[in-house]
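First comes the structure, then the notes that go with it.
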Amino acid sequence: MKNFTTDRKSTVSLSKKSTLKYINTKDLAVGKPHLIWKSLRSMVSEVKMGITKARMLTGTFMTQVIKHKYNIEHSDQICKLCTIYSEDLTHIILDCPALFSTRQIYYNRLKIEVINVIGESKWSELFGNKDAILLLILDCTNFSKYFSVDQQNAITKLSSVLCHQLYLMRLKLLEKTAKVPNKQRGSDTCI
Ligand SMILES: [Zn+2]
């Protein structure tokens, strides 16, 4: 997974792909691992966190919206946890009420870390909308001018924990609903 890199020449076309809208393509280069991998140790638990984050970042995390789009299992777009809203990445990471308590713990840690660096008013200025917060969570190098390399590492690690904890809780709740057959448990991604 450490070869999660690409040729700098292809970054122009990469930046136009809608599935890669969150990744900071300017920082991708051959032989240069993405910050996700630099911020995590080689322990199995941390590698798993990195994989979840990489799938979310590259648009290969299987949300209901993606399942519906590609007509997988004749799914609709509705979130199976709250059964109210469409389930895209924004819904999982920032909105789904069923994931509120998990989100609150890990999102607050991330927010505090960032506010400690840039202050509350800059936080409000930069992250006053969901798109910006999602960009920060999925690839904080999009805001690299505000953070040192060490700070980007710390933010990336906290956001990877947030994404992975949301993924684990979502999986647990999906299994609980018993509406999802066991054979689908491993099919949360389309990699
Ligand atoms: Zn939901």
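For the sequence shown, UniProt numbering begins at 1 and goes up steadily by one. From the three backbone atoms N, C-alpha and C, an ideal C-beta is built for every residue, glycine too. Quantities reported herein were computed from a predicted structural model and do not represent experimental measurements.
- Not one heavy atom of ligand 1 lies closer than 7 Å to the C-beta of A54.
- Sorted by position in the chain, C79, L81, C82, C96 make up the residues whose C-beta lies under 5 Å from a heavy atom of ligand 1.
- When DSSP states are grouped into helix, strand and coil, F127 belongs to the coil group.
- When Cβ pairs closer than 8 Å are counted between the two stretches, the region 132-140 is seen to touch the region 90-97, the count reaching three or more.
- Counting only runs of at least 4 residues, the region 94-120 fully encloses the following alpha helix (DSSP H) elements, listed from N- to C-terminal order: 100-118.
- The criterion of a C-beta distance shorter than 8 Å is satisfied by R170 and L99.
- Below 8 Å, enough C-beta pairs join the region 62-70 and the region 80-91 to call them touching: three or more.
- The secondary-structure analysis by DSSP pairs I133 with nothing; it has no beta-bridge partner.
- In the structure shown, F61 adopts extended strand secondary structure according to DSSP, grouped into three states.
- The distance from the Cβ of R109 to that of L158 is about 6 Å, consistent with a contact at the 8 Å cut-off.
- Membership of C163 in the alpha helix (DSSP H) is indicated by the continuous run 149-177.
- C79 and H68 have their C-alpha atoms some 11 Å from each other.
- Bridge pairing for I78: S86 [DSSP].
- Of the candidates G128, L81, N71, M43, the residue whose Cα lies closest to the Cα of L174 is L81.
- With 16 or more other Cβ atoms from the protein chains shown falling within 10 Å of its own Cβ, V114 counts as buried.
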